[in-house]
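One structure is given below, encoded as structure tokens.
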Amino acid sequence: MNGTKVDTLKVPGASLYYTVRGAGPILLMLQGGAGDAEASNGIAGYLAGSYTLIMYDRRGMSRSKLDEIPEALWLETHSDDAHRLLAALTTEPAFVFGSSIGALIGLDLAARHPEQVRVLVAHEPPAYELLPGAERTQAERTHDEIQEAYRREGMAGAMKKLAAASGVDFSDREPDVQMPAITPDAAPEATARRAASMTFFLTHDAPAVRRYTLDIASLKAAPTRIVPAGGSNSREAQPRRCAATLADRLGTEMVEFPGGHTGYVLRPRAFAAKLRAVLEMRPPRAEEFDISYTGTPAWDIGRPQPVFLALAESGEIRGRVLDAGCGTGEHVLMAARLGLDATGIDTAAAAIAIAEGKARDRGVAARFLVWNSLHVASLNEQFDTVLDSGLFHVFEDGERRTYADNLKAVLRPGGRYYMLCFSDRQPGHVGPRRVTRDEIRATFDNGWRVDSIEPAKFEITIGANGALAWLARITRT
Ligand code: SAH
Numbered sequence: 040m041n042g043t044k045v046d047t048l049k050v051p052g053a054s055l056y057y058t059v060r061g062a063g064p065i066l067l068m069l070q071g072g073a074g075d076a077e078a079s080n081g082i083a084g085y086l087a088g089s090y091t092l093i094m095y096d097r098r099g100m101s102r103s104k105l106d107e108i109p110e111a112l113w114l115e116t117h118s119d120d121a122h123r124l125l126a127a128l129t130t131e132p133a134f135v136f137g138s139s140i141g142a143l144i145g146l147d148l149a150a151r152h153p154e155q156v157r158v159l160v161a162h163e164p165p166a167y168e169l170l171p172g173a174e175r176t177q178a179e180r181t182h183d184e185i186q187e188a189y190r191r192e193g194m195a196g197a198m199k200k201l202a203a204a205s206g207v208d209f210s211d212r213e214p215d216v217q218m219p220a221i222t223p224d225a226a227p228e229a230t231a232r233r234a235a236s237m238t239f240f241l242t243h244d245a246p247a248v249r250r251y252t253l254d255i256a257s258l259k260a261a262p263t264r265i266v267p268a269g270g271s272n273s274r275e276a277q278p279r280r281c282a283a284t285l286a287d288r289l290g291t292e293m294v295e296f297p298g299g300h301t302g303y304v305l306r307p308r309a310f311a312a313k314l315r316a317v318l319e320m321r322p323p324r325a326e327e328f329d330i331s332y333t334g335t336p337a338w339d340i341g342r343p344q345p346v347f348l349a350l351a352e353s354g355e356i357r358g359r360v361l362d363a364g365c366g367t368g369e370h371v372l373m374a375a376r377l378g379l380d381a382t383g384i385d386t387a388a389a390a391i392a393i394a395e396g397k398a399r400d401r402g403v404a405a406r407f408l409v410w411n412s413l414h415v416a417s418l419n420e421q422f423d424t425v426l427d428s429g430l431f432h433v434f435e436d437g438e439r440r441t442y443a444d445n446l447k448a449v450l451r452p453g454g455r456y457y458m459l460c461f462s463d464r465q466p467g468h469v470g471p472r473r474v475t476r477d478e479i480r481a482t483f484d485n486g487w488r489v490d491s492i493e494p495a496k497f498e499i500t501i502g503a504n505g506a507l508a509w510l511a512r513i514t515r516t
């Protein structure tokens, strides 16, 4: 595990305490309720291997001190903080996960600064304005009752109501998850820091949530992929109802996540797996490939395919290189050894982990990402060469065009795509589906020039003769 870096960022009216941990693309975590940076520690353990996690204390919470206590706090101030924090750390669009008030902050961020957010998972945003009349009135009444309970009975009373209203079920938690410091029963003994944060939440954040109105038009116009999410265990609760309504309003589907309103805290392992799948749009077959990499699959020969080695030696592989469906990374490492800037993507996290290990062992600088080639356009990067050894023949008919369009988005005009796939001349049915030359031509018929499709061979771990293949050279026009 990579170490955690701790820092503060001065923003107007406050200083934000934040932590950075892990490696890979940035994932900003926007906690719900009175959760500070530590609230995501559990789930962070499952995500830090593939993301650089940014977690922070919202202003007013724990260690993020305010210059002075404001008369009224606005949700927009929180989203401005998130905007500034991201801007201080990266110029690239980031992954953002927000839960409850954090989801509202994420939505406001995506509406105002869509260029900063690649994908937003908005988990149970309490946007009561989205609910139909009677339900909305009910939600707002509950909200007032929580405030009232806080005034009359103090924190324990408010917490009990809040948990019941939002669908928090403390008994639905993974075995190694500790009971949170503040629960309806534990409130009197809670640590001073958590208690102070909860007080701040109830007096400042909860009213800010109540005053906030979503900017649906901007959200619809944003390039950000917005994924409303709801708990599997909070079906009747209002925040989850808001997530479902938000999905309708945005013309998308709500995705169900494990657990209730605080599933990311109480069921971190299952929640992390779902979050990764959603962020990276992992296709169903990723799990099958993951399993195949627990052994040595037939294609994983531990060195580059001779066909690709010959391309490298003849100088055809050049510039920034992307290997789509890179497996355990031999072709990426080959390009990197040539001194090229090389990236490998694969949806099988197990393959990427092996590839990263090889790069470390061999002392080669190369980048590996768990990423879906069918959505590689969302990387927002440009390459001169794309390699594909054994990926194209994995796709179903309907996916081929999507793949070609995505490659078109990341390949510079004049750049080249080299593809090795199983050939229709290979007898029998063992192994992947066979591809004909005509099918290759038909897929790359718009915005492409097919320069050559030559008979070639795949080397495999089983059988000395390998398998019959096509090597296609295709230029992006
Ligand atoms: N190029 C590697 C692996 C070929 S096997 C080699 O030559 O050894 C095909 C690879 O594509 C597998 O690792 C599989 O996990 C990956 N894959 C399948 N669908 C994918 C997709 N949609 N996006 C990225 N990788 C995918």
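Residue 40 is where the sequence shown starts when you use the working numbering, and the numbers rise one by one after that.
Built from N, CA and C at the ideal position, the CB exists for glycine as well.
All values reported here derive from a predicted model rather than from experimental measurement.
Measuring CB atoms only, is the segment 297–305 touching the segment 271–289, in the sense that at least three cross pairs come out at less than 8 Å?
A contact exists between the segment 297–305 and the segment 271–289.
Starting from P494, follow its DSSP beta bridges and name the residues at the other end.
W509
Could you check how far apart the C-beta atoms of G486 and S412 are, in whole angstroms? I think they sit under 8 Å.
17 Å between Cβ atoms; not a contact.
Tell me, which residues are paired with F136 by DSSP?
M68, V160
For I384, which option in V415, D484, A351 has the closest C-alpha, if you only look at C-alpha atoms?
V415
Give, in chain order, every unbroken run of the alpha helix (DSSP H) that is at least 4 residues long and sits entirely within the segment 213–286.
231–239, 245–250, 255–260
Can you check the segment 331–397 for any alpha helix (DSSP H) of at least 4 residues that lies completely inside it and give the ranges in chain order?
345–352, 369–376
Which listed residue (T238, A312, A202, P214) has its alpha carbon closest to that of E17:
With the chain covering only 40 through 516, there is no way to say anything about residue 17.
Of the residues P51, G81, V50, Y90, which one's Cα is nearest the Cα of R60?
Y90
Report all residues from its chain with a CB closer than 7 Å to the CB of A312; omit the five preceding and five following residues, and keep chain order.
none
Between E355, E352, V409, V216, which lies nearest to Q368 when the distance is taken from Cα to Cα?
One detail in the question is off: residue 368 reads as Gly in this sequence, not Gln. Of the listed residues, the one whose Cα sits closest to G368 is V409.
R406 (DSSP reduced to helix, strand or coil)
strand
Distance cut-off 8 Å: P322 Cβ against heavy atoms of ligand 1
yes
Can you name, in chain order, every residue of its own chain whose Cβ lies under 7 Å from the Cβ of E184, other than the five neighbours on each side?
K200
Quick one: what's got a C-beta closer than 6 Å to R399's C-beta in the same chain, skipping five residues either side?
none
N- and C-terminal bounds of the beta strand (DSSP E) containing K104:
From DSSP, K104 is part of no beta strand (DSSP E); its letter is neither H nor E.
Using only CA atoms, which one of Y457, A503, F347, V474 lies nearest to A511?
Y457
Go to Y20, then tell me how far its beta strand (DSSP E) extends in each direction, as first and last residue.
Here the chain comprises residues numbered 40 to 516, so residue 20 is not present and cannot be evaluated.
Contact set for Y7: own chain, Cβ-Cβ below 6 Å, skip 5 residues either direction:
Since the first residue of the chain shown is 40 and the last is 516, residue 7 is not available in this structure.
What three-state label does DSSP hand D427 in the structure shown?
strand
Where V156 and R455 are concerned, what is the direct C-alpha to C-alpha distance, given to the nearest angstrom?
Using only the alpha carbons, I get a separation of about 30 Å.
Pick out whichever of R359, G341, R357, I330 has its Cα sitting closest to the Cα of T386.
I330
Pair within 9 Å by beta-carbon distance, Y251 and L348:
no
With a 10 Å radius around its C-beta and 16 neighbouring C-beta atoms as the bar for buried, classify S428 as buried or exposed.
buried
What are the uninterrupted segments assigned as alpha helix (DSSP H) that are 4 or more residues long and contained completely in the segment 139–201, given in chain order?
140–151, 172–192
Touching or not, the segment 171–180 and the segment 285–292, by the rule of three or more beta carbon pairs under 8 Å?
no
Whose C-beta lies closer than 6 Å to the C-beta of K44 among residues of the same chain, with five residues either side of it excluded?
V59
Whether or not the segment 124–134 and the segment 96–116 are in contact is what I'm after, with contact meaning three or more pairs of Cβ atoms, one per stretch, closer than 8 Å; do they touch?
No, the segment 96–116 does not touch the segment 124–134.
How about R515 and G470: are their beta carbons less than 9 Å apart?
no
When the Cα atoms are used, what is the spatial distance from S474 to I492?
Note that residue 474 is Val in the sequence shown, not Ser. Roughly 12 Å separates the two Cα atoms.
Contacting residues, own chain, Cβ-Cβ under 7 Å from G81 (five flanking each side not counted):
V216, V304, P307
State the start and end residues of the unbroken alpha helix (DSSP H) segment that holds Y303.
302–305
Alpha carbon to alpha carbon, how far is D211 from A53? Give it in angstroms, no decimals.
Answer to the nearest angstrom: the Cα atoms are 36 Å apart.
Cutoff 8 Å; reference R480; Cβ partners in own chain excluding five residues on either side:
V489, I492
Can you have a look at N272 and say buried or exposed, based on whether 16 or more other CB atoms are within 10 angstroms of its CB?
Answer is buried; the Cβ neighbour count reaches 16.
Nearest-angstrom Cα separation, counted from S139 out to L146:
Taking the straight line from one Cα to the other gives about 11 Å.
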